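So the structure is just underneath, and the comments pick up after that.
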Amino acid sequence: MATEDKHPLQQEDYHLVQDYMITKAVMCLATNASLTEWEHEITGMQVASGEQWLRRNAMLFDYTLARILAAYGRDAHLAEADLAGPTEAFVRRFVAAVAAQNQSSAEELWVTANENAARLTGTRMRSTTPLLIRVRQTAQHLETHLDLHQVPDEYFPPQFVS
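Counting from 1 along the sequence shown, just add 949 to a position and that's the residue number in our numbering.
In structure tokens:
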């Protein structure tokens, strides 16, 4: 199959994949999408990704959500957060790593948060739900729109998790 016939999420071009993901996320934010609508978009990306979802795209989507949270501001993602919970600890550390553009730390945190999840084909990664909830809460609580100029750089690893 020729490269141009593949869905963008099946391409090897990290920029193209992440551009697709941030476009979907920004559209959901701009339309104040419900959780059901977000889930529909995520499921669509998961299906379109095929085997790339577990190999790469699930992490890139979570990284995209963290980039959005980082762009909203340092404390924006902390709204109504359980400071002591392990899920919140992941969200805080992951967003901080993404904001600092510490990609190796972000990847390590993501892999740890999703240990054994690769065996759960067809399910959402454990890390996605708390990030999605925080993005939606932040967007609903802030009166300002997402400033795309504040979004940290995309993820471009020297080697990627497989």
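Virtual Cβ for every residue (Gly too), placed ideally from N, Cα, C.
What you are looking at is a predicted structure, and each value in this text was computed from that prediction instead of being measured.
Original post:
Is it true that the segment 1002 to 1022 meets the segment 1072 to 1088, where meeting means three or more beta-carbon pairs spaced less than 8 Å apart?
Top reply: yes
**OP:** Answer yes if the segment 1049 to 1063 comes into contact with the segment 952 to 969, meaning at least three C-beta pairs across the two stretches below 8 Å, and no otherwise.
**Re:** no
Original post:
Taking the alpha-carbon positions, what's the E1037 to N1006 distance?
Top reply: 22 Å
Subject >> Three-state secondary structure assigned by DSSP to G993 >> reply: helix
**OP:** Return helix, strand or coil for Q1099, following the three-state DSSP convention.
**Re:** helix
Subject >> Proximity below 8 Å, CB of S983 to CB of Q959 >> reply: no
Original post:
Using 8 Å as the threshold, is the segment 966 to 983 in touch with the segment 1039 to 1051, meaning 3 or more CB pairs across them?
Top reply: no
Original post:
Nearest CA to the CA of P1107: which residue from W987, Q1052, D1096, N1065?
Top reply: Q1052
**OP:** Can you tell me which of the three DSSP states Q1086 falls into?
**Re:** helix
**OP:** Find out if the Cβ-Cβ distance for the pair E1103, Q967 is shorter than 8 Å.
**Re:** yes
Subject >> D962 - DSSP class collapsed to helix/strand/coil >> reply: coil
**OP:** Taking all protein chains shown into account, decide if V996 is buried (16 or more other Cβ within 10 angstroms of its Cβ) or exposed.
**Re:** exposed
**OP:** Could you spell out the range, first to last residue, of the alpha helix (DSSP H) harbouring L1014?
**Re:** 1007 to 1021
**OP:** Tell me where the alpha helix (DSSP H) around L1058 begins and ends.
**Re:** 1052 to 1062
**OP:** May I have the straight-line CA-CA distance separating T980 from T1061, to the nearest angstrom?
**Re:** 33 Å
Original post:
Straight-line CA distance for H1098 to F1105?
Top reply: 19 Å
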